[in-house]
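*Asks:* Take 120 as the starting number for the sequence shown in this note's numbering and just add one per residue.
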Amino acid sequence: MQYDAGVSVYKRIDSKKDRITKYKLTAAKIILILLCGFMLSRVKFRVVDGLTITPFGMAFLISVINKRRSKETIIAFFGVIIGGLSVYSNDADSYVYPILAISILLIFYIADKAGRRIKTNNICIICVVEFLIIESIFGSQGLSVNIAFALIESLSIIPVFYVVNYGISCLDEIKHNYFFNMEELISMAIVLCLMVAGIGNIACFGVSIRNIAALAIIIVIAYAGGASIGTVIGVTMGIIVGVTSKNILLFISLYSCCGLVVGVFKETGKIFSALAYLIVSSIIVGYSVTINIYGAVEIAVPAVIMLLTPAKFIEGILQELSNEEKNRIINEAQIDGVKSEFVERIENLKKILDRLSKSMNKLSGNHKLLVKDKSSAMIENLADRVCSNCEMNSKCWGKELNKTFFEFSELIEMFEQGKGKINKNLKENCVKSNTLIKSCEEFYNTTTVNEVLKERMGEGRQLIAENIAGISQAMDDVIKEFTRDVDNCYELDKVLKKALSRKNIAYKNIYSYTDKKGRLKIKMLMENCYGENICGKAILPILKEVLRVPFSISDEGCRINPETNECSVVIEESPKYHMLSYVASIPKDGEKFSGDSFNFGKNKNGIYVIALSDGMGSGPDAGLESSVAIDIIDEFIKCGYDEEIAIKAINSIMNMKFSEDEKFTTLDMSMVDLYSGELSVIKAGAVATFIKRYEDVQVISDNSLPFGAVEEIEYKKKKKKLKHGDIVITISDGILDVDKNNIGDYSWLRTYLEKATTNPEQLSRDILDKAKELSNGKVMDDMTVVVSKLYSLY
């Protein structure tokens with residue numbers, strides 16, 4: 120048997136619902152890019168008489184070009200050109216920027232078609248050269264002045280580019296759960312303020328649109344983010360708007376004070392914050408200039424805008440600007456992740472307890488396996504007591520075997536019915552009829568007592584199955600293990616969210632942690648991708664690029680919640696090794712069922728477990744004993760718990776005697792860490808395990824006792840380091856005991872393995888055939904061989 124690690128893929132049900140990780144340019148993004156280019160290209164700074172610079176539009180265009188997105192570049196280009204034309208004058212500056220924008224766009228287009236990227240340094244050099252040429256030819260000043268002005272204009276683009284590029288990059292992180300520091304907040308504020316400054320002196324009925332927009336943005340952000348953020352945006356807005364006008368002190372004082380006051384009064388609510396803003400702004404404007412109807416409107420309208428702003432919008436601003444709020448949201452997500460992990464472990468424990476209960480219920484009915492043989496055994500015992508020394512034995516149990524057997528069976532049946540009579544034919548032919556009746560009565564009474572005792576024992580075992588002893592202790596162990604195992608990785612969550620968001624991969628939640636082995640696991644919640652395999656095609660490469668470690672999807676694959684249509688997947692560090700196992704088995708001659716049980720496969724912690732158990736004797740009774748051990752081991756190991764808990768549980772169950780005979784069960788368990796290649800072997804009464812490395816064969820043996828032999832089992836874990844191509848051979852004692860004069864001698868198998876094939880499937884069959892050959896074709900005991908080979912993946 121070989122476990123199939125493949126995961127079925129969901130079929131695409133609707134082509135319109137395909138989730139593609141390509142970048143999508145929405146209508147909102149188009150408008151935003153166009154507006155940003157338009158506004159920034161309108162911002163002018165007067166340096167000296169005769170020199171006014173507008174470097175912000177070009178800086179924005181260069182920033183967009185750096186992202187290498189053709190559609191965004193075209194949109195930004197048109198925004199910059201339209202914005203520049205809207206403030207056109209007859210100066211040389213008015214046409215030098217459009218010419219520069221066209222040339223840079225053409226160079227970008229050519230480089231993009233050639234699959235190359237334009238460096239920022241080269242773009243800056245192009246700007247300097249073009250400015251020098253155009254200003255030298257068309258400049259209205261002298262040549263030296265024109266060259267000086269050209270250098271100032273061209274070189275001013277470089278620092279402005281870095282400021283604008285930093286701010287644009289930070290704006291891209293909005294809605295990505297990214298934590299902004301003060302420098303990033305200021306850079307975003309600068310870009311926003313430059314856009315407001317780009318409105319210029321446009322007025323509606325004498326009311327300045329720029330002032331209304333500036334004050335509305337300041338007080339809304341201050342109400343959402345608090346006094347510190349309100350002051351920062353106010354000062355930044357005041358400086359930029361003030362520089363583009365001629366009253367910088369008024370704008371700085373007005374905007375910063377309004378942001379500070381609204382932020383301070385935010386806890387009182389919108390109405391009191393708006394009133395505080397109106398009072399402070401009126402005082403500052405009234406002290407600086409004369410208030411008229413237009414100024415009053417410019418102050419009042421932003422207050423109305425703040426009052427009408429939806430609470431959800433303000434909450435969204437708060438979540439982006441406040442690191443404390445983001446921490447709260449992330450902590451809630453982490454708590455939910457911990458809860459789901461804990462619930463999953465408790466559910467796994469419930470499965471284990473259910474398995475224990477079912478196994479004990481199976482074993483409580485072991486005596487039923489003997490019901491078909493009970494009548495025969497009673498007849499044989501009765502005949503041994505009465506007929507063994509009788510001179511008529513050869514006649515009754517020889518020539519008339521069937522007749523005598525039937526009459527004895529009928530006699531026992533009469534006693535079971537309470538009649539206690541012997542039939543006429545048996546009474547006439549049996550020379551010890553009186554002794555027979557007396558012996559039958561005694562034997563039946565003894566058997567009846569034994570059956571009552573067995574029934575009571577079965578009831579006791581069933582009661583224990585319903586009330587598993589030690590449940591509280593097992594729960595304590597699991598809880599302790601849980602608190603020790605799970606180590607949350609909050610900082611890593613932030614990095615992963617940022618990396619995925621930059622690649623435009625949608626997700627709902629990310630929860631990363633390290634397990635008890637110190638290996639990273641990442642739980643992701645996202646929308647159903649309808650079989651597009653977004654996890655394998657897009658997410659795994661990003662994780663490898665960010666963390667420099669290969670990752671793979673866990674064996675559980677994707678889990679789709681039918682109610683929410685959400686997909687949850689666990690991504691884990693990829694194991695270095697992979698293991699394949701093959702088994703060959705045959706029951707004892709004359710038996711249909713083998714007393715050996717086995718299992719193999721990988722658990723949640725990346726441990727490949729090979730378990731083989733040999734029940735006492737052969738047949739279904741022995742197979743039931745061994746299957747209990749394998750079932751418990753499988754459930755514990757599959758859920759990721761330590762083998763110590765499973766071994767103690769098996770021994771406790773086996774110590775409960777299931778019939779008048781002693782019952783023992785062996786266990787041979789090999790655990791291979793697929794990350795390190797380390798092999799750990801645990802034996803409980805099992806024979807040797809063999810490790811084949813080409814022609815070198817190592818043997819691991821132990822003299823431990825089987826389950827059920829002692830109340831507290833002691834075992835030793837023996838370790839070996841495996842390499843690529845190593846083969847682990849696990850066998851039952853039937854393989855070795857082919858020579859009854861040398862029970863347990865494994866020298867022949869060791870010698871045989873040195874020259875044997877390295878194909879695990881073929882080797883399992885060859886070992887079984889060799890054992891049958893050495894036992895002259897007779898199978899005197901159940902024979903099982905499990906051959907497992909280790910392969911390196913990288």
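Each residue gets a CB set at the ideal place from its N, CA and C atoms; glycine is no exception.
Model, not experiment: these values are computed from the prediction.
1) Just mark Met301 as buried or exposed, buried being the case when its beta carbon has 16 or more other beta carbons within 10 Å.
2) Given this structure, state the Cα-to-Cα distance separating Ile752 from Ile348, to the nearest angstrom.
3) For Leu334, which of helix, strand or coil comes out of DSSP?
4) In this structure, how does DSSP classify Asn895 when only helix, strand and coil are distinguished?
5) Near Met307, what residues of its chain come up, given a Cβ to Cβ distance below 6 Å and the 5 sequence neighbours on each side ignored?
6) Starting from Ala701, follow its DSSP beta bridges and name the residues at the other end.
7) Find out if the Cβ-Cβ distance for the pair Glu526, Leu555 is shorter than 8 Å.
8) Quick one: Cα of Ser820 to Cα of Lys874, how far?
9) State buried or exposed for Lys622, treating a residue as buried only when at least 16 other CB atoms are found within 10 Å of its CB.
10) Buried or exposed: Leu872, going by 16 or more other Cβ atoms within 10 Å of its Cβ?
11) Ends of the alpha helix (DSSP H) at Met301?
12) Does Ile218 have its Cβ less than 8 Å from a Cβ in chain D?
13) Considering only residues of the same chain and omitting the five flanking positions on each side of Thr849, which have a CB-CB separation below 7 Å?
14) Confirm, please, whether the CB-CB distance from Ser693 to Ser673 is below 8 Å.
15) For the 8 Å Cβ check, are there 3 or more pairs between the region 335-353 and the region 421-436?
16) According to DSSP, what are the bridge partners of Val689?
17) Let me know the secondary structure DSSP gives Phe324 once reduced to three states.
18) Please classify Glu833: is it buried, with 16 or more other beta-carbons within 10 angstroms of its beta-carbon, or exposed?
19) In whole angstroms, what is the alpha-carbon distance linking Val399 and Ile352?
20) I'd like to confirm the pairing. Which residues does DSSP put opposite Ser182 in its beta bridges?
21) So what does DSSP say about Gly725, is it helix, strand or coil?
22) My parser needs the alpha helix (DSSP H) runs of 4 or more residues fully inside the region 269-293; what are they?
23) So what does Met788 bridge to, in DSSP terms?
24) Hey, out of Gly203, Leu909, Ala395, Glu763, whose CA is closest to Ala792's CA?
25) Check Val818 in the structure and name its three-state DSSP category.
26) Is it the case that the Cβ atoms of Ile418 and Val404 are separated by a distance below 8 Å?
27) Are Thr784 and Ser745 touching if we call contact CB-CB under 8 Å?
28) Using 8 Å as the cut-off, can you tell me whether the region 149-156 makes contact with the region 190-210, which would need three or more C-beta pairs spanning the two stretches below that distance?
29) Helix, strand or coil, according to DSSP, for Gly156 in the structure here?
30) What distance in whole Å lies between the Cβ atoms of Gly344 and Leu440, which are believed to be in contact at a cut-off of 8 Å?
31) Does the region 798-817 come into contact with the region 710-717, if we say contact requires no fewer than three beta-carbon pairs (one atom in each stretch) closer than 8 Å?
32) Val668: buried (16+ other C-beta within 10 angstroms of its C-beta) or exposed?
33) Quick one: measure Cβ to Cβ for Cys686 and Cys648, integer angstroms, because I've assumed they're closer than 8 Å.
34) Beta-carbon within less than 6 Å of Gly382's beta-carbon, same chain only, minus the 5 sequence neighbours each way: which residues are those?
35) Smallest Cα separation from Val794: which of Ala748, Phe524, Leu841?
36) Mapping the DSSP letters down to three states, classify Gly405 as helix, strand or coil.
*Replies:* Per the coordinate set shown:
1) Around the Cβ of Met301, a 10 Å sphere holds fewer than 16 other Cβ atoms; the residue is exposed.
2) Looking at the two C-alpha atoms, the distance is approximately 59 Å.
3) Residue state, collapsed to three classes: helix.
4) Note: Asn895 maps to coil in three-state DSSP.
5) These residues qualify, in order along the chain: Gly286, Cys289, Leu290.
6) Before going further, note that residue 701 is Tyr rather than Ala in the sequence given. Bridge partners of Tyr701: Val906.
7) No.
8) Cα to Cα, Ser820 sits roughly 21 Å from Lys874.
9) The residue is exposed, with fewer than 16 neighbouring Cβ atoms inside 10 Å.
10) Under this definition Leu872 is a buried residue.
11) 301-316 is the extent of the alpha helix (DSSP H) around Met301.
12) In the structure shown, chain D cannot be found, because there is only a single protein chain.
13) Excluding residues within five positions, the ones whose Cβ falls inside 7 Å are Ile729, Leu731, Asp787, Ser789, Thr808, Val905.
14) Taking a C-beta distance under 8 Å as the contact criterion, Ser673 and Ser693 do not qualify as a contact pair.
15) Segments in contact, yes.
16) Residue pairing from DSSP places Val689 in a beta bridge opposite Lys642.
17) In this structure, Phe324 counts as coil in the three-state DSSP scheme.
18) With fewer than 16 Cβ atoms within 10 Å of its Cβ, Glu833 is classed as exposed.
19) Cα-Cα distance, rounded: 17 Å.
20) In DSSP, Ser182 forms no bridge with anything.
21) DSSP places Gly725 in coil when its eight states are reduced to three.
22) Counting only runs of 4 or more, we get nothing.
23) Checking the DSSP bridge columns, you'll see Met788 partnered with Ala730, Ile801.
24) Before going on, a small fix: residue 792 reads as Asp here, not Ala. Of the candidates Gly203, Leu909, Ala395, Glu763, the one whose C-alpha sits nearest the C-alpha of Asp792 is Leu909.
25) Here Val818 sits in strand by DSSP.
26) Yes, the Cβ-Cβ distance between Ile418 and Val404 is below 8 Å.
27) Taking 8 Å as the cut-off, the beta carbon of Thr784 is found closer than this to the beta carbon of Ser745.
28) Because the criterion of three Cβ pairs below 8 Å is met, the region 149-156 and the region 190-210 touch.
29) Three-state DSSP puts Gly156 in a helix.
30) Right, their Cβ atoms sit about 4 Å apart.
31) Of all C-beta pairs linking the region 798-817 to the region 710-717, fewer than three are shorter than 8 Å, placing the two stretches out of contact.
32) Exposed, since its Cβ has fewer than 16 Cβ neighbours within 10 Å.
33) The pair is a contact, with the Cβ atoms about 7 Å apart (cut-off 8 Å).
34) The residues Ala341, Gly345, Ala346, Gly349, in chain order, have a CB closer than 6 Å to that of Gly382 in the same chain once the five nearest residues on each side in sequence are set aside.
35) According to the sequence displayed, residue 794 carries Tyr and not Val. Nearest option by C-alpha distance: Leu841.
36) Three-state DSSP puts Gly405 in a helix.
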